[in-house]
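Take a look at the structure set out below.
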Amino acid sequence: MLDRGIGGFVYASMYTRRVAVSKVLRANPVVLLNCMARVRGIPTVLSDEREAGRSAARVLLRHGHRDGIVVVGENTEHVIAAAERRAGIHEVMGQQGAEIADSIETSWWPEPAYEAVGEYLAEGNRPTALICLNDRIALGAYQAAHDAGLVIPDDLSVVSFDDSDLASWMRPGLSSLALRHFELGRRAVEILLSDSRPTEIQRVAMPLRERGSIGGPPLRKRARRARATK
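See the structure below:
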């Protein structure tokens with residue numbers, strides 16, 4: 544590519560991870576997109592996963608959930624997005640004097656999520672809300688909740704990450720923190736074309752797309768209904 548006059552590179556990854564950037568690439572204008580270098584000083588654009596985790600916790604706390612929130616997904620440090628999302632969730636919960644009730648371990652696809660959440664519910668566990676680490680996990684969780692006779696959001700609230708097409712297709716619509724792919728790409732190219740390239744990580748906000756999957760805790764709803772009938 545250099546022989547053909549390429550003037551700069553956007554080095555992008557399908558999922559957030561650490562990458563080894565060759566000396567040849569580092570000697571040319573380069574911006575990392577959705578990945579991080581093992582050496583410092585290379586312009587980098589990432590989604591603000593930790594703040595997204597904070598937002599997921601905040602919206603559930605705002606709806607009254609405190610002691611029945613369960614996180615569903617992988618718990619591993621090498622998956623940077625998952626680790627950052629979890630860190631943000633726990634940070635806000637701790638600030639509010641609350642704790643995550645439990646964690647359901649599953650990979651990032653509907654089938655294993657369906658099995659893991661289904662087993663968890665079959666054991667008699669009744670969370671008030673699930674924070675799913677991506678929309679595919681949430682799809683499996685929806686199906687497991689349905690099979691357990693639970694209605695979303697009356698019996699169980701769900702919030703997720705990515706805001707993929709699935710989020711708007713699901714019924715009720717899935718509340719999800721959006722990965723802004725267009726904005727990520729735009730920001731990377733802007734930096735590449737700039738005369739001065741920032742060496743600190745540039746984080747792109749993940750706004751909450753709130754739909755119909757979040758309600759109040761079931762016990763609070765039942766109490767309100769009971770008072771209304773008196």
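Numbering of the sequence shown is given in the working numbering, commencing with residue 544 and proceeding in unit increments.
Where is the CB? At the ideal position from N, CA and C, for every residue including glycine.
Here the structure is a predicted model, which means the values were calculated and not measured.
Neighbourhood of residue i by C-beta, 7 Å cutoff - its chain only, sequence neighbours within 5 removed
| i | result |
| --- | --- |
| isoleucine 549 | none |
| histidine 608 | Thr671, Ala672, Ser700 and Pro760 |
| tyrosine 657 | Gly683, Gln686 and Ala687 |
| arginine 752 | Asp706, Ala710, Ser718, Ser719 and Ala721 |
| lysine 773 | Residue placement at lysine 773 is poorly supported in this model, since its pLDDT is 46, which falls under 50; the coordinates are not used for a value here. |
Residue i, enclosing beta strand (DSSP E) - first and last residue
| i | result |
| --- | --- |
| arginine 561 | 552-562 |
| arginine 746 | 744-747 |
| serine 703 | 700-705 |
| glycine 611 | Here glycine 611 belongs to no beta strand (DSSP E), and DSSP marks it neither H nor E. |
| isoleucine 674 | 672-675 |
| isoleucine 647 | 645-648 |
| leucine 576 | 573-580 |
| serine 718 | 718-721 |
C-beta atoms of residue i and residue j nearer than 8 Å
| i | j | result |
| --- | --- | --- |
| arginine 746 | glycine 716 | no |
| alanine 624 | glutamate 648 | no |
| valine 615 | valine 660 | yes |
| arginine 597 | valine 635 | yes |
| alanine 748 | valine 553 | no |
| asparagine 618 | arginine 605 | no |
| arginine 740 | proline 586 | yes |
| alanine 644 | aspartate 610 | yes |
Unbroken alpha helix (DSSP H) run spanning residue i, endpoints
| i | result |
| --- | --- |
| isoleucine 680 | 678-690 |
| alanine 731 | 724-736 |
| alanine 595 | 592-605 |
| aspartate 708 | 708-712 |
| alanine 624 | 623-638 |
| leucine 664 | 653-665 |
| leucine 568 | 566-569 |
Neighbourhood of residue i by C-beta, 6 Å cutoff - its chain only, sequence neighbours within 5 removed
| i | result |
| --- | --- |
| asparagine 677 | Trp651, Phe704 and Asp705 |
| alanine 691 | Leu664 |
| alanine 626 | Glu620 |
| cysteine 578 | Ser556, Arg560 and Val562 |
| lysine 764 | Reliability fails at lysine 764, whose pLDDT of 48 lies under 50, so the model's placement of it is uncertain and the value that follows must be treated cautiously. No residues qualify anywhere along the chain. |
| cysteine 675 | Val615, Ala681, Ala684 and Ser703 |
| proline 750 | Ala721 |
Whole-number beta carbon distance between residue j and residue i, since they are thought to touch under 8 Å
| i | j | result |
| --- | --- | --- |
| alanine 563 | arginine 581 | 6 Å |
| isoleucine 734 | valine 574 | 5 Å |
| valine 588 | leucine 727 | 6 Å |
Other residues of its chain near residue i: CB distance less than 8 Å, five sequence neighbours each side excluded
| i | result |
| --- | --- |
| isoleucine 680 | Val615, Gly616, Thr649, Trp651, Trp652, Pro653, Ala656 and Ser703 |
| glycine 631 | Glu592, Arg593, Glu594, Ala595, Gly596, Arg597, Ser598, Ala599 and Ala600 |
| isoleucine 757 | Val602, Leu603, His606, Ala672, Pro696, Ser700, Val701, Val702 and Ser718 |
| threonine 742 | Arg583, Gly584, Ile585 and Pro586 |
| alanine 769 | Interpretation of alanine 769 is limited by its pLDDT of 41, a score under 50 that renders its predicted location unreliable; no figure is taken from the coordinates. |
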